[in-house]
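A.B. asks: Before anything else, here's the structure in question.
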Amino acid sequence: MTKLFEQIEQGLAALDEHDLRRRRRVTSSPTDAMVEVDGRRMLTFCSFDYLGLAAHPQIQSALQEGAALYGLGSGASHLISGHSIAHEQLEQRLAAMQSPHLECARAVYFGTGYMANLAVLSGLAASGGNDDTEIFSEKLNHASLIDGARLARCKVSIYPHADLNALEALLKNSNAKTKIVATDGVFSMDGIIAPLPEILALCERYEAWLVVDDAHGFGVLGDGAGILAHFNLRSKNLVYMGTLGKAAGVSGAFVAAHENVIEWLIQKARPYIYTTASPPALAHALLTSLDIICSAEGTQRRAHLHSLIVQFKSQFKSLTGDLSGLSLMASDTQIQPLIVGKNAITMELAARLYEAGIWVPAIRPPTVPVGTARLRISLSAAHSSEQIASLLSALHGLQKKAA
Ligand SMILES: *Cc1c(COP(=O)(O)O)cnc(C)c1O
367 MTKLFEQIEQ
377 GLAALDEHDL
387 RRRRRVTSSP
397 TDAMVEVDGR
407 RMLTFCSFDY
417 LGLAAHPQIQ
427 SALQEGAALY
437 GLGSGASHLI
447 SGHSIAHEQL
457 EQRLAAMQSP
467 HLECARAVYF
477 GTGYMANLAV
487 LSGLAASGGN
497 DDTEIFSEKL
507 NHASLIDGAR
517 LARCKVSIYP
527 HADLNALEAL
537 LKNSNAKTKI
547 VATDGVFSMD
557 GIIAPLPEIL
567 ALCERYEAWL
577 VVDDAHGFGV
587 LGDGAGILAH
597 FNLRSKNLVY
607 MGTLGKAAGV
617 SGAFVAAHEN
627 VIEWLIQKAR
637 PYIYTTASPP
647 ALAHALLTSL
657 DIICSAEGTQ
667 RRAHLHSLIV
677 QFKSQFKSLT
687 GDLSGLSLMA
697 SDTQIQPLIV
707 GKNAITMELA
717 ARLYEAGIWV
727 PAIRPPTVPV
737 GTARLRISLS
747 AAHSSEQIAS
757 LLSALHGLQK
767 KAA
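Whatever position you read off the sequence shown (first residue = 1), add 366 for this note's numbering.
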């Protein structure tokens with residue numbers, strides 16, 4: 367073996383040693399509460415398909431209609447010839463949804479949320495000159511915001527989780543001309559909602575942009591419009607990012623902000639400019655997804671999801687009592703993590719649940735801090751109350767075996 371390959375092999379061996387090797391399971395059915403994996407039907411609590419739209423028949427038909435209207439590939443980036451009327455219509459709908467919360471709202475659609483966050487942070491940083499810009503990034507932010515801050519090539523300060531005093535001190539002491547605060551709306555590994563009204567007040571006081579990543583709030587919170595509606599916020603400092611592959615059930619993401627901010631991103635953000643536009647048929651399908659999110663059916667799905675969250679939390683308490691070594695986080699959202707601690711134990715618990723026919727992901731470092739490995743349970747409107755009960759009794763079973 368050459369030196370190059372030895373390094374890779376050592377790296378892989380180190381992952382095994384620390385129980386950090388990840389494996390991809392191959393599924394062979396649509397995303398739903400029950401999923402076929404390795405030829406077996408599993409009850410799953412892994413996906414971010416929070417409203418159960420990922421296999422919705424009307425959205426599937428819309429995708430077929432979109433393919434008939436626009437074909438498959440867009441053929442080029444948005445600034446060359448890849449920007450279709452379907453993308454344009456989608457952006458207008460998304461802007462209208464956020465318009466109560468922004469001044470002169472406009473939206474731009476991206477192929478993924480990862481790219482949207484790279485574009486927003488690098489693009490905003492370029493507006494004031496990278497040397498005169500500082501990004502204030504919340505400790506638990508998603509990897510895409512962290513990478514966006516790296517691509518921005520400016521000073522980056524991390525503030526502790528939900529620590530408003532620390533954030534204020536950083537903002538007060540900063541000499542940067544352009545200040546950007548970046549935070550998840552709902553923290554993806556904890557399910558906790560950021561104290562957004564207070565963060566926004568600081569951003570207005572210290573003249574900073576507030577970039578909110580609402581990957582887990584869009585479609586769910588605020589009657590589907592997301593976290594800005596949830597808190598009833600409105601500000602010209604807000605730059606809102608929502609994803610469309612989670613609750614919206616399809617793919618992609620968008621940024622909504624003041625029209626001049628969006629125009630700047632379109633002109634300057636490299637992750638927007640130098641990539642082929644995603645298929646117009648997806649944007650066409652998303653129009654139907656948004657119709658459903660904003661309809662009585664969407665309201666019903668959110669109400670059902672909420673009832674499952676309440677059921678899970680209350681029955682977890684009464685069924686399992688105070689589980690030794692296992693605790694739920696103080697989350698009121700559809701993300702309900704069960705903190706275990708050690709990687710190996712988390713893996714073992716996940717494996718035992720899997721044997722029992724229940725698929726829950728084990729989340730380990732570096733996705734979460736060392737010593738806080740967890741089973742991240744994601745609830746969806748696709749689940750039934752009986753399926754939540756099955757999960758609870760399987761968790762109970764784990765405990766009996768452990769005792
Ligand atoms: C999933 C996620 C993203 C990335 O969105 P994709 O569309 O999956 O690329 C960004 N931020 C958060 C908080 C996420 O959970």
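Glycine included, each C-beta is placed from N, C-alpha and C at the ideal position. Keep in mind it's a predicted model, so treat the numbers as computed, not measured.
If I measure Cβ to Cβ from GLY592 and keep anything under 6 Å in the same chain, skipping five residues before and after, which residues do I get?
C.D. replies: Excluding sequence neighbours, GLY592 sits near ASP580, GLY583, PHE584, GLY608.
A.B. asks: Please determine whether the Cβ atom of SER697 lies at a distance below 7 Å from any heavy atom of ligand 1.
C.D. replies: no
A.B. asks: Helix, strand or coil for ARG730 per DSSP?
C.D. replies: coil
A.B. asks: Does the beta carbon of THR397 fall short of 7 Å from some heavy atom of ligand 1?
C.D. replies: Answer for THR397: no, Cβ out of range of ligand 1.
A.B. asks: Do you know offhand how far GLY437's Cα is from TYR475's?
C.D. replies: 19 Å
A.B. asks: So is GLN753 buried or exposed if we call it buried at 16+ other beta carbons inside 10 Å?
C.D. replies: Residue environment for GLN753: buried (at least 16 other C-beta atoms within 10 angstroms of its C-beta).
A.B. asks: Quick check on the burial criterion: 16 or more other C-beta atoms within 10 angstroms. Buried or exposed for ARG388?
C.D. replies: Exposed, since its Cβ has fewer than 16 Cβ neighbours within 10 Å.
A.B. asks: Could you tell me the alpha carbon to alpha carbon distance between GLU383 and SER554, rounded to whole angstroms?
C.D. replies: 27 Å
A.B. asks: Please list, in chain order, all residues of the same chain as ALA433 whose beta carbon is under 7 Å from its beta carbon, the five residues on each side excluded.
C.D. replies: ALA647
A.B. asks: Under the three-state reduction of DSSP, which class applies to ASP415: helix, strand or coil?
C.D. replies: coil
A.B. asks: Looking at THR544: is its Cβ nearer than 8 Å to the Cβ of THR499?
C.D. replies: yes
A.B. asks: Of the choices TRP725, ILE729, LEU745, PRO735, whose alpha-carbon is the least far from that of LEU409?
C.D. replies: TRP725
A.B. asks: Excluding the 5 residues preceding and the 5 following HIS467 in the sequence, name in chain order all residues of the same chain whose CB lies nearer than 6 Å to its CB.
C.D. replies: LEU594, LEU599, ARG600
A.B. asks: Classify HIS650 as helix, strand or coil using the three-state DSSP reduction.
C.D. replies: helix
A.B. asks: Okay, do the region 665-679 and the region 513-524 touch, 3+ Cβ pairs below 8 Å being the bar?
C.D. replies: No, they do not touch.
A.B. asks: Quick one, are the C-beta atoms of LEU745 and ALA728 less than 8 Å apart?
C.D. replies: no
A.B. asks: When DSSP labels each residue in this structure, what does GLU504 get in the three-state scheme?
C.D. replies: Strand, per DSSP.
A.B. asks: Using CA atoms only, rank isn't needed, just tell me which of THR478, GLU573, VAL676 is closest to ASN603.
C.D. replies: GLU573
A.B. asks: Would you mind listing the beta strand (DSSP E) stretches within the region 577-630 that are 3+ residues and don't spill past its ends, in chain order?
C.D. replies: 604-609, 619-624
A.B. asks: Sorted by chain position, which residues of the same chain lie with C-beta nearer than 8 Å to GLY673's C-beta, five sequence neighbours on each side aside?
C.D. replies: Checking the sequence shown, residue 673 turns out to be Ser, not Gly. Within the same chain, SER673 has close Cβ partners SER751.
A.B. asks: How far does the beta strand (DSSP E) with PHE476 in it reach, from first residue to last?
C.D. replies: 471-476
A.B. asks: ASP579: beta carbon under 7 Å from a heavy atom of ligand 1?
C.D. replies: True, at least one ligand heavy atom lies under 7 Å from that Cβ.
A.B. asks: Give me whichever residues DSSP pairs with ARG307 in a beta bridge.
C.D. replies: The chain is shown only over 367 to 769; residue 307 falls outside these bounds and no answer can be derived.
A.B. asks: What three-state label does DSSP hand ALA509 in the structure shown?
C.D. replies: helix
A.B. asks: When DSSP labels each residue in this structure, what does ILE724 get in the three-state scheme?
C.D. replies: strand
A.B. asks: Is it the case that the CB of ASN483 approaches a heavy atom of ligand 1 more closely than 7 Å?
C.D. replies: yes
A.B. asks: State yes or no: is the C-beta of SER554 nearer than 7 Å to some heavy atom of ligand 1?
C.D. replies: yes
A.B. asks: Indicate whether the contact test is met: 3 or more Cβ pairs, each with one atom in the region 554-572 and one in the region 692-703, closer than 8 Å.
C.D. replies: Contact between the region 554-572 and the region 692-703 is present: three or more C-beta pairs spanning the two stretches fall below 8 Å.
A.B. asks: Taking 7 Å as the line, does the beta carbon of GLY557 fall inside it for any heavy atom of ligand 1?
C.D. replies: no
A.B. asks: I want to check one thing, is the minimum distance from the CB of THR609 to the heavy atoms of ligand 1 below 7 Å?
C.D. replies: yes
A.B. asks: Could you tell me which of LEU536, VAL486, ILE658, GLN633 sits nearest to TYR606, measuring between CA atoms?
C.D. replies: VAL486
A.B. asks: Within 10 angstroms of the Cβ of ASN531, are there 16 or more other Cβ atoms? Answer buried if so, exposed if not.
C.D. replies: Exposed.
A.B. asks: DSSP state of ASP550, grouped into three classes?
C.D. replies: strand
A.B. asks: So, with DSSP's three-state summary, where would you put ARG406?
C.D. replies: strand
A.B. asks: According to DSSP, is MET400 part of a helix, a strand, or is it coil?
C.D. replies: strand
A.B. asks: Quick one, are the C-beta atoms of GLN424 and ILE659 less than 8 Å apart?
C.D. replies: no
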